[in-house]
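Numbering (our numbering), first residue to last: 27 to 346.
C-beta: ideal position from N, C-alpha, C; glycine also.
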């Protein structure tokens with residue numbers, strides 16, 4: 027059992043997530059090299075809940091974790107759709123806001139086998155500030171999580187102090203930076219790393235965060251600064267670094283429809299198990315399981331929304 031499982035039900039929420047909400051528009055079957063001034067026909071289309079934070083929030087809630095979500099969308103049709111997705115998952119949305127005069131963000135994804143183009147209009151996602159957050163609400167949870175650090179630029183000035191205050195209030199903190207569209211990779215991140223309990227990058231992000239050439243070098247560099255690093259390695263599984271201990275957690279092999287949101291779904295499984303008291307290795311096994319589940323339907327939440335599929339898949343591969 028991990029220390030975070032203590033006093034499990036003394037707070038109303040297990041976790042509070044602050045982050046972005048948008049819709050994902052996924053267009054399948056386009057060529058990888060797309061000429062301009064040509065009309066190209068896709069073979070399929072899906073619209074679903076998007077945003078790393080929202081995918082994590084949704085899937086964590088349907089797994090049974092008590093989740094509070096702080097986010098903003100525009101007062102528009104896409105904001106309505108996104109909110110309906112979240113309502114159906116059982117997330118506490120008392121601090122979710124539709125902002126007048128703002129536009130909901132949107133991401134256009136063009137999958138090509140194992141690769142994809144990702145085009146994002148941020149909309150309101152960059153406007154949320156630390157001053158907009160209700161600290162009492164954040165501390166009604168045992169744990170705090172932040173995703174998409176580099177997209178949420180409005181939060182940056184206040185994040186170092188917020189992390190300090192959350193830690194002083196007894197919360198643990200996890201971070202998934204996701205990609206940095208600017209390619210800079212540092213700035214506010216350098217001020218946050220030493221305040222984080224769990225870092226949840228994929229391999230490419232890990233190399234950028236550590237400014238290292240290999241995964242091993244990156245972990246050697248970051249391990250002294252972070253109690254727990256869980257690296258998502260796709261079809262190779264996950265790599266867990268706790269102190270000086272480094273272990274591989276094998277994947278669950280499936281035939282994916284696409285891998286959109288698989289990393290966020292891994293985070294959902296990992297945090298669900300970790301907050302329930304499982305050790306990091308078993309939590310990473312659960313992360314691999316929910317990450318694999320996510321790939322069985324288009325987008326990041328559709329497999330978790332499918333109650334029959336979710337129940338059957340998780341039941342078949344239940345942790346022993």
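Buried versus exposed call for residue i [16 or more other C-beta atoms within 10 Å across all chains shown]
| i | result |
| --- | --- |
| residue 276 | exposed |
| residue 196 | exposed |
| residue 312 | buried |
| residue 169 | buried |
| residue 84 | buried |
| residue 262 | exposed |
| residue 65 | exposed |
| residue 47 | buried |
| residue 32 | Note on residue 32: pLDDT 49, under 50, position unreliable in the model; the coordinate value appears next. Per the 10 Å Cβ criterion, exposed. |
| residue 291 | buried |
| residue 264 | buried |
| residue 285 | buried |
| residue 317 | buried |
| residue 76 | buried |
| residue 105 | buried |
| residue 154 | buried |
Same chain, Cβ closer than 8 Å to residue i, five either side skipped, listed in chain order
| i | result |
| --- | --- |
| residue 218 | 175, 185, 186, 189, 201 |
| residue 240 | 233 |
| residue 192 | 164, 165, 170, 199 |
| residue 213 | 182 |
| residue 208 | 176 |
| residue 341 | none |
| residue 150 | 98, 99, 100, 125, 128, 129, 130, 131 |
7 Å CB neighbourhood of residue i in its chain, flanking five on each side removed
| i | result |
| --- | --- |
| residue 70 | 54, 55 |
| residue 68 | 53, 54, 55, 56 |
| residue 343 | 278, 315 |
| residue 148 | 131, 177 |
| residue 280 | 318, 321, 322 |
Closest by C-alpha distance to residue i, when choosing among the options
| i | options | result |
| --- | --- | --- |
| residue 371 | 302, 168, 205, 228 | With the chain covering 27 to 346 only, the question about residue 371 has no answer from this structure. |
| residue 203 | 85, 344, 178 | 178 |
| residue 120 | 96, 130, 133 | 96 |
| residue 45 | 139, 78, 62, 63 | 78 |
| residue 215 | 251, 229, 194 | 251 |
| residue 136 | 302, 237, 341, 60 | 60 |
| residue 327 | 294, 127, 298 | 294 |
| residue 36 | 92, 49, 81 | 92 |
| residue 329 | 173, 253, 115 | 115 |
| residue 288 | 118, 139, 323, 231 | 323 |
| residue 127 | 118, 138, 99 | 99 |
| residue 80 | 118, 334, 265 | 118 |
| residue 50 | 139, 133, 58, 41 | 133 |
| residue 305 | 332, 256, 338 | 256 |
| residue 270 | 235, 143, 247 | 247 |
| residue 102 | 89, 125, 345 | 125 |
| residue 259 | 284, 226, 253 | 226 |
| residue 333 | 90, 123, 155 | 90 |
| residue 172 | 42, 345, 307, 331 | 42 |
| residue 156 | 58, 229, 180, 335 | 180 |
Strand pairing of residue i, partner residues [DSSP]
| i | result |
| --- | --- |
| residue 228 | 258 |
| residue 135 | 52, 144 |
| residue 264 | 258, 275 |
| residue 155 | In the DSSP output, where bridge partners are listed per residue, residue 155 has none listed. |
| residue 72 | 52 |
| residue 124 | 99 |
| residue 44 | 96, 172 |
| residue 39 | 167 |
Short CB-CB distance (under 8 Å) between residue i and chain B
| i | result |
| --- | --- |
| residue 102 | You won't find chain B in this structure, because it holds only one protein chain. |
Own chain partners of residue i with C-beta closer than 6 Å, once the 5 adjacent residues on each side are dropped
| i | result |
| --- | --- |
| residue 309 | 296, 299, 300 |
| residue 39 | 92, 94, 166, 167 |
| residue 249 | 267 |
| residue 319 | 329, 339 |
| residue 282 | 321 |
| residue 244 | 232, 233, 236, 238 |
| residue 87 | 93, 115, 116, 117 |
Let me know the beta strand (DSSP E) ranges lying completely inside the segment 159-203, each 3 residues or longer, listed in chain order.
The qualifying runs are 167-173, 198-202.
Suppose only complete runs of 3+ residues qualify. What are the beta strand (DSSP E) ranges in the segment 61-118, listed by chain order?
70-76, 93-100
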